[in-house]
Every structure is written in C-alpha cells, then in structure tokens.
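In the numbering used here, the protein residues as written are 61 to 414. Quick reminder that beta carbons are idealized off the backbone N, C-alpha and C, glycines included. These figures come from a predicted structure and were not determined experimentally. Input: a single structure, listed below in structure tokens.
Rendered as structure tokens:
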C-alpha cells in the first residue's frame with residue numbers, strides 16, 4: 061500500500077498555507093520595512109508667529125518637496141490647541157505644530173496612545189503684560205485684579221495660574237480674589253484697550269500688540285522664569301498610528317522641518333516676510349511691520365524639544381488640577397529616533413527626551 065502520495069499532498073498544502081500566511085504578514089506590516097501606507101500627509105498648525113516653522117515650510121514649499129510627487133500635503137489651520145488635538149483624535153490630521161499643554165492633555169487623555177512629540181519648533185515669545193493704570197509693580201498687586209489668558213488650561217493659562225499660586229494668590233474660582241477670564245487673543249486686545257481687564261499672559265505677537273496698540277507694559281517675560289531663558293512654546297507632534305505606519309514619510313517631513321528652522325535662523329528678514337505673507341493668506345490680514353519687527357526677536361526657533369521644560373510644565377498643570385487625580389507617566393511621550401537620524405545625517409548634535 062503506497063502512503064507517500066497523501067502525505068506529499070498534505071505537506072504541499074501546509075507549505076502553501078505557510079507561504080500565504082507569511083505573505084499576508086508582510087503585507088500587513090509595511091512599516092517594519094520602512095515603507096508607507098499613506099499618500100497624504102495632513103498638517104495642522106496655527107497662523108501665528110510661534111508656528112513660524114510651519115508657515116515658512118508651507119510658504120516655501122519645503123514640506124511638499126521633501127515628501128515628493130507621490131504624496132499630497134494637506135494643510136489645516138486651527139485657532140487653539142484643544143481643537144487641534146480633537147482633530148488628531150478624530151483622525152483628521154497626521155502631523156501638527158502644537159503647544160506643550162494641549163499635547164500633554166492629548167497624551168494623557170488617550171492613555172499614551174494618540175500621539176508622540178517628534179521634534180521641537182519654538183522657544184520663548186510669551187509675556188504677562190499689564191495696564192499701567194492697574195498699578196501693578198509687585199506680585200502682591202495682582203490681588204483683586206482681572207486678567208485674561210487665551211484658553212482655560214492652555215500653556216499661558218497654566219503659567220499665570222502657577223505664578224499666582226507661587227505668590228500665595230488664589231483665583232476667584234477657588235475662593236481667591238484674582239479673576240482669570242479665558243478669552244481669544246483678538247478679544248483680549250479689545251478688552252485691554254477698553255480697560256475691562258488689568259492684564260494678560262499671552263504669546264507673541266499678541267504681547268507686542270498689547271504694548272504697541274494698547275499701551276501695555278511687560279510685567280513678566282516668561283524667559284526669565286526658565287534656565288538659560290529657554291522653554292518649549294511649540295513642538296511638532298504626530299499621530300502615533302501615522303508615525304508607526306509611515307516612518308519614511310515622517311522622516312522626510314522631519315528633514316524639511318530641520319532645514320526650515322535652519323533657513324529661518326539664517327534668513328531673519330526673508331523668513332519674517334514669508335511668515336507675514338502666510339498669516340495674511342490664512343487670516344486675510346498681515347501683522348503691522350512694527351509688531352513683526354518687535355516680536356520676532358523674542359522667539360527662538362529650534363528643533364530641540366527642550367524636553368525638561370515640558371516635564372516641568374506638566375508638573376505645574378498637574379498641581380493645578382488639569383491632569384486628573386494621578387500624576388501622569390509621560391515617559392513615552394517623545395519619539396525622537398527619526399529626528400536624531402536626520403540630525404546625524406546632517407552632522408548635527410542629537411537631542412534628548414529628558
């Protein structure tokens with residue numbers, strides 16, 4: 061009795077199944093080989109000075125050129141960080157320029173699943189500006205006053221609330237005498253001009269506008285509160301799912317991001333013009349040249365994420381009750397391997413996630 065034929069058939073069948081499964085596994089994991097599953101990169105950012113790398117990269121076509129002809133760059137602008145994070149949660153954007161606190165909140169809300177910080181972008185450019193008529197010369201003078209920030213829980217809002225706490229002052233919502241009214245930046249300027257608020261902690265160019273257009277005075281330059289005057293104002297984040305599925309595309313974007321920052325730092329006047337042209341394109345109104353010239357030098361553009369300052373900001377937000385009841389674990393919030401590979405290729409020093 062010949063039994064070799066059935067066994068040969070079984071072996072052939074099992075071999076075919078194994079090959080099929082192997083092929084399916086390879087097809088399901090293109091990122092493992094550095095391949096991409098996307099032909100679109102959707103970029104989110106704000107039309108303001110603190111997002112200058114985004115504005116310049118879009119205006120010069122640097123991002124699109126780096127991605128190549130087979131990938132479409134779609135740009136989406138936002139007015140505030142929380143709205144940008146909601147768009148990332150809804151899978152409407154892939155990569156974005158964001159302030160630290162919205163990114164921290166998004167990471168915590170998603171249990172570390174939604175996003176990663178992949179590079180730095182901007183440091184500085186935030187001020188606490190007060191009306192001279194308010195009679196504020198010391199922290200004690202803030203008692204009984206009314207101030208504005210761009211949004212509850214945003215980066216400047218946390219900075220103001222923490223400063224008050226450090227100086228033994230409480231906000232009205234916690235039984236204290238200092239009132240904080242989260243307000244859009246354009247409306248802050250109007251309220252300031254009307255004398256309806258005593259001051260505001262705001263990013264550029266709004267701090268300079270409060271000074272030039274409303275007679276405000278700088279009470280605090282936030283750079284003075286940080287070592288070497290450096291702290292994260294804007295960084296580059298990515299959807300974790302997009303990052304893992306499209307490492308090559310993200311690497312190409314990071315190369316363009318680094319080159320854009322190098323261009324800005326080497327060409328201040330040209331980059332200012334590009335930034336203002338993009339602001340006009342998005343908002344229909346450019347910044348006055350005097351505002352642009354005064355506010356631009358208060359910003360430092362850097363691909364270093366200044367990670368240690370983000371962790372300090374997170375501690376402040378947690379102490380103020382913005383990050384739930386348990387101190388969050390942010391140890392996985394950074395993914396800097398692709399950036400450091402780009403920096404190595406360009407002969408630049410690596411950056412750290414601490």
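When you compare the CB positions of residue 120 and residue 359, do they come within less than 8 Å of one another, or not?
Working through the chain shown from its first residue, we reach residue 120 at position 60. Working through the chain shown from its first residue, we reach residue 359 at position 299. Contact flag unset, no.
With DSSP as the reference, please indicate the residues paired to residue 102 in a beta bridge.
By one-based count along the chain shown, residue 102 stands at place 42. The partner list for residue 102 (beta bridge, DSSP) reads 134.
Who are the near neighbours of residue 314 in its chain, counting only those whose CB is closer than 7 Å to its CB and skipping five residues on each side?
Here residue 314 refers to the residue found at position 254 of the chain shown. Same-chain partners within the cutoff: 178, 179, 398, 399, 402.
Among 147, 168, 205, 184, which residue has its Cα nearest to the Cα of residue 267?
Along the chain shown, read from residue 1 onward, the residue named residue 267 stands at position 207. Of the listed residues, the one whose Cα sits closest to residue 267 is 184.
Under 8 Å between the Cβ atoms of residue 215 and residue 160?
Numbered from its first residue, the chain shown carries residue 215 at position 155. Numbered from its first residue, the chain shown carries residue 160 at position 100. Yes, these two residues count as a Cβ contact at 8 Å.
Check whether the Cβ atoms of residue 413 and residue 297 lie closer than 8 Å to each other.
On the chain shown, residue 413 is found 353 positions in, with the first residue counted as 1. On the chain shown, residue 297 is found 237 positions in, with the first residue counted as 1. Going by C-beta atoms, residue 413 is not nearer than 8 Å to residue 297.
Can you tell me whether residue 141 is buried or exposed? The criterion is at least 16 other CB atoms within 10 Å of its CB, across all chains shown.
Within the chain shown, residue 141 is the residue found at index 81, counting from 1. The residue in question, residue 141, is buried, as its Cβ has 16 or more Cβ neighbours within 10 Å.
Can you tell me whether residue 246 is buried or exposed? The criterion is at least 16 other CB atoms within 10 Å of its CB, across all chains shown.
The residue given as residue 246 occupies position 186 in the chain shown. Exposed: under 16 other Cβ atoms inside 10 Å.
Suppose the cutoff is 8 Å on Cβ atoms and the five residues either side in sequence are ignored; what does the same chain contact list for residue 409 look like?
Taking the first residue of the chain shown as 1, we reach residue 409 at position 349. Taken in chain order, the residues that qualify are 403.
Report the rounded CA-to-CA distance for residue 326 versus residue 320, giving the unit in angstroms.
As a working mapping, residue 326 is identified with position 266 in the chain shown. As a working mapping, residue 320 is identified with position 260 in the chain shown. Each residue's Cα considered, the two are about 10 Å apart.
If we count the other Cβ atoms within 10 Å of its Cβ and call it buried at 16 or more, is residue 196 buried or exposed?
The residue given as residue 196 occupies position 136 in the chain shown. Buried: at least 16 other Cβ atoms inside 10 Å.
Grab the span of the beta strand (DSSP E) containing residue 294 for me, first residue to last.
Stepping through the chain shown from its first residue, residue 294 is reached at position 234. That run of the beta strand (DSSP E) goes 292-299.
Cα separation between residue 234 and residue 305?
The residue labelled residue 234 in the question sits at position 174 within the chain shown. The residue labelled residue 305 in the question sits at position 245 within the chain shown. Looking at the two C-alpha atoms, the distance is approximately 45 Å.
From the DSSP output, which residues share a beta bridge with residue 158?
Translated into the one-based positions of the chain shown, residue 158 becomes position 98. Answer is 295, bridged to residue 158.
Roughly how many angstroms lie between the CA atoms of residue 66 and residue 310, to the nearest whole one?
Your numbering for residue 66 matches position 6 in the chain shown. Your numbering for residue 310 matches position 250 in the chain shown. Annotation note: pLDDT 39 at residue 66 (below 50); position unreliable, coordinate value reported separately. About 51 Å.
With a 10 Å radius around its C-beta and 16 neighbouring C-beta atoms as the bar for buried, classify residue 282 as buried or exposed.
Numbered from 1 along the chain shown, position 222 holds the residue referred to as residue 282. Looking at its Cβ environment, which holds 16 or more other Cβ atoms inside 10 Å, residue 282 is buried.
Using a Cβ-Cβ cut-off of 6 Å (strictly less than) and excluding sequence neighbours within five positions of residue 132, which residues of its own chain qualify?
Sequence index remark: in the chain shown, residue 132 carries index 72 (1-based). Closer than 6 Å at Cβ, skipping near neighbours: 100.
Taking the Cβ atom as the reference point for each residue, do residue 153 and residue 103 lie within a distance shorter than 8 Å?
Counting from 1 along the chain shown, the entry for residue 153 is found at position 93. Counting from 1 along the chain shown, the entry for residue 103 is found at position 43. It is a contact, given that the beta carbons lie within the stated cut-off.
I'd like to check one pair, residue 157 with residue 223: are the Cβ atoms closer than 8 Å?
To locate residue 223, count along the chain shown from 1; it is residue 163. To locate residue 157, count along the chain shown from 1; it is residue 97. No, the pair does not count as a contact, with Cβ atoms beyond the cut-off.
Is it right to say residue 276 is buried, meaning 16 or more other beta carbons lie within 10 angstroms of its own, or is it exposed?
Residue mapping note: residue 276 aligns to position 216 of the chain shown, counting from 1. Counting Cβ neighbours within 10 Å, residue 276 comes out buried, since at least 16 surround it.
In this structure, does DSSP put residue 411 in helix, strand or coil?
Position 351 of the chain shown holds residue 411. If DSSP states are grouped into helix, strand and coil, residue 411 belongs with coil.
Could you work out which residue in 232, 107, 117 is closest to residue 330 when comparing CA atoms only?
Working through the chain shown from its first residue, we reach residue 330 at position 270. Ranking 232, 107, 117 by Cα distance to residue 330 puts 117 first.
At the level of alpha carbons, what is the spacing between residue 382 and residue 228?
Position 322 of the chain shown, counting from 1, holds the residue named residue 382. Position 168 of the chain shown, counting from 1, holds the residue named residue 228. Distance between the alpha carbons of residue 382 and residue 228 is about 19 Å.
Specify the secondary structure class of residue 64 as computed by DSSP and reduced to three states.
Working through the chain shown from its first residue, we reach residue 64 at position 4. Reliability of the predicted coordinates at residue 64 is poor, the pLDDT of 40 falling under 50, and the value obtained from them is presented with this limitation in mind. Three-state DSSP puts residue 64 in a helix.
Contact check, residue 189 vs residue 258 under 8 Å by CB: the rounded distance?
Within the chain shown, the letter at position 129 stands for residue 189. Within the chain shown, the letter at position 198 stands for residue 258. So it is not a contact: roughly 10 Å between Cβ atoms.
Write down every uninterrupted run of the alpha helix (DSSP H) in the segment 204-249 whose length is 4 residues or greater and which is fully enclosed by it, in chain order.
With a minimum length of 4 residues, the continuous alpha helix (DSSP H) runs that stay inside the segment 204-249 are 215-226.
Compare the C-alpha of residue 303 against each of 115, 151, 144 and name the closest.
As a working mapping, residue 303 is identified with position 243 in the chain shown. Checked all of 115, 151, 144; the closest Cα to residue 303 is 151.
With residue 194 and residue 205 assumed to form a contact (beta carbons below 8 Å), what rounded beta-carbon distance in angstroms separates them?
Here residue 194 is taken as the residue at index 134 of the chain shown, counted from 1. Here residue 205 is taken as the residue at index 145 of the chain shown, counted from 1. With 8 Å as the limit, residue 194 and residue 205 qualify as a contact, their Cβ atoms being about 6 Å apart.
Please state the DSSP three-state secondary structure of residue 176.
Start at 1 with the first residue of the chain shown, and residue 176 comes out as number 116. In this structure, residue 176 counts as strand in the three-state DSSP scheme.
Return the CA-CA distance between residue 146 and residue 285, expressed in angstroms with no decimal places.
Residue numbering aside, residue 146 sits at position 86 when the chain shown is read from its first letter. Residue numbering aside, residue 285 sits at position 225 when the chain shown is read from its first letter. Roughly 30 Å between the two C-alpha positions.
If you run the structure through DSSP and keep just helix, strand and coil, what is residue 85?
Along the chain shown, one-based indexing puts residue 85 at 25. Any reading at residue 85 needs caution, since the residue's pLDDT is 38, under 50, leaving its predicted position unreliable; the model's value is listed next. Helix, per DSSP.
Around the Cβ of residue 211, are there at least 16 other Cβ atoms within 10 angstroms (buried) or fewer (exposed)?
On the chain shown, residue 211 is found 151 positions in, with the first residue counted as 1. By the 10 Å Cβ count, residue 211 comes out buried.
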